[in-house]
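If you read the protein sequences in the order shown, they are chains R and W.
If you're matching positions, the first sequence starts at 1 in the UniProt record's numbering and goes up one per residue.
If you're matching positions, the second sequence starts at 1 in the UniProt record's numbering and goes up one per residue.
Where is the CB? At the ideal position from N, CA and C, for every residue including glycine.
Number of protein chains: 2
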Amino acid sequence: MTLSDITNPHSFVAADVAILTIRDGALSVLLIRRANPPFKGMLALPGGFVEPDETVERAAARELFEETGVPKSASRLESIGVYSDPERDPRRRVISIAFAALVPNPGESRAGGDAASTQWMPADRALKEPLAFDHIKILERAIAHAKRQLEYTTDATAFCPDEFTVAELRRVYEIVWETKLDPGNFHRKVTRIDDFLQPTGDTTTRDGGRPAALYTAGTLKRLPLPLSPGK
Amino acid sequence: MTLSDITNPHSFVAADVAILTIRDGALSVLLIRRANPPFKGMLALPGGFVEPDETVERAAARELFEETGVPKSASRLESIGVYSDPERDPRRRVISIAFAALVPNPGESRAGGDAASTQWMPADRALKEPLAFDHIKILERAIAHAKRQLEYTTDATAFCPDEFTVAELRRVYEIVWETKLDPGNFHRKVTRIDDFLQPTGDTTTRDGGRPAALYTAGTLKRLPLPLSPGK
DNA sequence: CCAAAAGTGTTAACTCTACACCCATGT
DNA sequence: ACATGGGTGTAGAGTTAACACTTTTGG
């Protein structure tokens, strides 16, 4: 560290992650209660400073794993924006790289980071809570991002367990888009797209009724034609 | 500035901008020749450090204006990613926030920054040049971003002058997507979308043939249905 | 047997593509 | 008059939405 490093413009860089999942039929987000100032005691998104030897993606993946136990590979973790208002942190200049993580329901918020202070909350309720920093803006953007991702990519599968049925996938779309989709048409549409869904050969009756075929996520990332949320 | 500020993890943060326009029928990018190490003498994207009192968007807008004279309001300037490999700058840790700017052809690269060392280059040629840092990756992402933006948003108008014809707009799509589009079908499609194009009432014959109606960009940002580059 | 959910068939409405054709100007 | 590009009409192909219907299980 030289003097010029200190006098030249520099900043703290943090990665903040809106970890989204579907719980009890609602799009939900993981919030922590801050143990330290600033905003001590307030709800916030998980986040932390980027270490000198890691990328911001790695810092975000680390936060994700610490708070949920979900490895990066089981999620879709994407950068959704940079928050750099000089006043956003009252103590010092911190530039935040915001991420959205779409993860399968990991059950109760776990021990990793600081279990006692983490909680899942339905996204619509979280948007009405006072959140630390500009985390409300990050959360808004993360939710908009998720809705858009479902239109153009196969990211909906990130909300599902490893093996899932077409109806379970449909419910993801219905919950995130807040619409009803025709089960028959939806089934035809998604099963016709090459490499979207990989049949396992197994079936399940866990949702009742006639047994449903089980699938895993295929290799396709971007949908050839967007799935529209329109009625 | 306290001691803890220095010993805690921190970084230099830069904004690098891929300024894209359409010149001589080709998608082109503004490159500078670096006057200083590292990578002295090499081609690079314009960029600079984020000052302590400005946002990264503002730093990017400043670069854009310095190099082209184009104000932020006449462009679409969007963050397209964060480049934070600890080794990306050989001298010290620098995290780069990458932007893509879509601008109308501003004529010759101008005096602002350092006219002698800036040049427009067709994007496909620039992709084959050795560029400083990881700027090739940023440029690739900026081009992919532009192609996608044209599908889902009204950003194509950012490449056009203030007033433009439907055919001029069509040429933007044809050049960026590297396709031919049916003039009649394209005309019908875009003029039918509410708030995409605002008729001025004037016409022009600057492209020859029958006079074409002039339009300005409307208020719509996101297309209700994507325009596909499909055949 | 009945309820429930999976998955398929069918059809009318809609949209898109290709291309023919007419229009309004400069030369 | 004619070349040039602007813009409209139209028919056939393709796609979609709505919903009836069959399938396969659990109770």
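DSSP places L169(W) in the uninterrupted alpha helix (DSSP H) bounded by V166 to W177. Between A142(R) and L20(R), the beta carbon gap of about 6 Å places them in contact (Cβ cut-off 8 Å). Residue environment for L43(R): buried (at least 16 other C-beta atoms within 10 angstroms of its C-beta). Taking a Cβ-Cβ threshold of 8 Å, none of the residues of chain R is close to S28(W); the smallest such distance is about 26 Å. Taking a cut-off of 8 Å on C-beta distances, the segment 155-175 of chain W touches the segment 92-104 of chain W, as three or more cross pairs fall below it. Of the residues T55(R), S75(R) and E54(R), the one whose Cα lies closest to the Cα of L64(R) is S75(R). A straight-line Cα-Cα distance of about 15 Å links L127(W) and K147(W). Identification of residues in the UniProt domain "Nudix hydrolase" (12-144) of chain R having a C-beta nearer than 8 Å to some C-beta of chain W yields F12, V13, F49, V50, E51, P52, D53, E54, T55, V56, E57, S79, G81, V82, S84, D85, P86, R92, R93, I95 and I97, given in sequence order. DSSP places E151(W) within a helical segment (H, G or I) once states are collapsed to three. Exclusion of the five residues before and after V176(W) leaves L27, A146, K147 and L150 as the residues of its chain whose Cβ lies within less than 7 Å of its Cβ.
Of all residues in the segment 197-229 of chain R, only P226 place a beta-carbon less than 7 Å from a beta-carbon of chain W. In the three-state reduction of the DSSP assignment, V70(R) falls in the coil class, being assigned neither a helical nor a strand state.
By the Cβ test, the segment 35-53 of chain R is not in contact with the segment 77-84 of chain R, since fewer than three Cβ pairs between them sit closer than 8 Å. Contacts with chain W at 7 Å (Cβ-Cβ) include H10(R).
Proximity to R125(R) across V29(R), V17(R) and P224(R) peaks at V29(R), based on C-alpha coordinates. Annotation for R170(R): L181 and F186 place their beta carbon closer than 6 Å to its own, counting only its chain and skipping 5 residues before and after.
Judged by their CB atoms, F99(R) and V17(R) are nearer to each other than the 7 Å cut-off.
Under DSSP, D16(W) shares a beta bridge with G47(W) and A98(W). For D124(W), the enclosing alpha helix (DSSP H) starts and ends at A123 to A126. Inter-residue distance for L225(W) and D155(R) is about 20 Å (C-alpha atoms, whole angstroms). DSSP places L30(W) in the strand class (E or B) of the three-state scheme. Judged by beta-carbon spacing, R34(R) lies within the 7 Å limit of A132(R), meaning their Cβ atoms are closer than that value. Counting other Cβ atoms within 10 Å of its Cβ, E57(W) reaches 16 or more and is therefore classed as buried. With contacts defined as CB atoms closer than 7 Å, K221(R) and T157(R) fail to qualify as a contacting pair. Assignment of V82(R) by DSSP, reduced to helix, strand and coil, places it in the strand class. Comparing alpha carbon positions, the residue from E108(R), F196(R), E140(R) and D134(R) closest to A123(R) is E140(R). A distance below 6 Å between beta-carbons, with the five flanking residues on each side excluded, links H135(W) to the following residues of its chain, in chain order: A44 and L45. Counting only unbroken stretches of 3 or more residues, the beta strand (DSSP E) elements lying wholly within the segment 173-225 of chain W are 197-204 and 212-217, in sequence order. Comparing alpha carbon positions, the residue from A15(W), Q198(W), P130(W) and T179(W) closest to T219(W) is Q198(W). Assignment of beta-bridge partners to T21(R) by DSSP yields S28(R). In the structure shown, R76(R) falls within a strand segment according to DSSP collapsed to helix, strand and coil.
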